[in-house]
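Enquirer: Be aware that the sequence shown starts at 51, since it is given in the numbering used here, and climbs by one per residue.
Quick reminder that beta carbons are idealized off the backbone N, C-alpha and C, glycines included.
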Amino acid sequence: MAEITMTKGPHTVIVTASEGWMDINLDGKLYYADTIEPCQVPGRPDIVAKIWQVGLTADERDAVQSMMDADPIYRRRKAARAVNQLIRDRDDIQLSINAWIATDHDAHVQYIERISAYGRAKQPIRHEAEIAALRTELAEFDAAHPEIVAEIERRKQSDIERHTWD
Numbered sequence: 051m052a053e054i055t056m057t058k059g060p061h062t063v064i065v066t067a068s069e070g071w072m073d074i075n076l077d078g079k080l081y082y083a084d085t086i087e088p089c090q091v092p093g094r095p096d097i098v099a100k101i102w103q104v105g106l107t108a109d110e111r112d113a114v115q116s117m118m119d120a121d122p123i124y125r126r127r128k129a130a131r132a133v134n135q136l137i138r139d140r141d142d143i144q145l146s147i148n149a150w151i152a153t154d155h156d157a158h159v160q161y162i163e164r165i166s167a168y169g170r171a172k173q174p175i176r177h178e179a180e181i182a183a184l185r186t187e188l189a190e191f192d193a194a195h196p197e198i199v200a201e202i203e204r205r206k207q208s209d210i211e212r213h214t215w216d
């Protein structure tokens with residue numbers, strides 16, 4: 051089991067790689083973390099990252115990251131986290147497209163209601179340009195990340211199989 055010992059002022063910090071997690075022993079108290087987060091501390095330009103509440107210099111961050119990258123469970127979890135983030139990014143684009151389409155639909159419904167009630171109404175603003183730009187962005191995303199499209203399809207098929215009665 052790999053470990054790194056650091057002295058932070060009067061405190062001793064021992065970071066250990068353990069089954070995909072970072073065990074942080076801070077003066078005898080044990081904490082857990084799974085990511086190294088970037089951070090900035092006013093007045094401390096040497097601190098560039100943190101684990102839990104422990105600030106790290108660039109050298110310490112690199113040492114802890116290389117220790118964690120040597121752990122196969124951590125690597126798998128990190129890869130899964132990256133895939134999930136890309137899926138969320140794609141979903142955000144798709145949700146934006148759906149929101150613009152719903153906005154256009156609602157405006158059209160209001161237009162029809164006003165025509166019915168008053169015999170005239172102002173033509174609603176259409177958002178075809180925004181929708182087209184987002185669809186282009188989605189197509190570019192799908193072309194750049196075919197593995198994400200395949201993973202989404204795999205998850206859909208898995209859900210179908212899990213919820214289908216024989």
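1) Tell me residue 83's beta-bridge partners as DSSP assigns them.
2) Helix, strand or coil, according to DSSP, for residue 218 in the structure here?
3) My output table needs one value for residue 153: the three-state DSSP class, helix, strand or coil.
4) Might you give, ordered along the chain, the residues of its own chain that have their beta carbon closer than 6 Å to the beta carbon of residue 124, omitting 5 neighbours on each side?
5) When you compare the CB positions of residue 202 and residue 137, do they come within less than 8 Å of one another, or not?
6) Please report the distance separating the alpha-carbon of residue 121 from that of residue 100.
7) For residue 95, name the three-state secondary structure that DSSP assigns.
8) Using CA coordinates, which residue listed in 126, 72, 212 and 183 is at the minimum distance from residue 111?
Expert: On the basis of the supplied data:
1) 72
2) Any question about residue 218 goes unanswered here, given that the chain covers just 51 to 216.
3) helix
4) 70 and 118
5) yes
6) 19 Å
7) In the structure shown, residue 95 sits in coil (DSSP, three-state: anything other than H, G, I, E or B).
8) Among 126, 72, 212 and 183, the Cα nearest to that of residue 111 is on 72.
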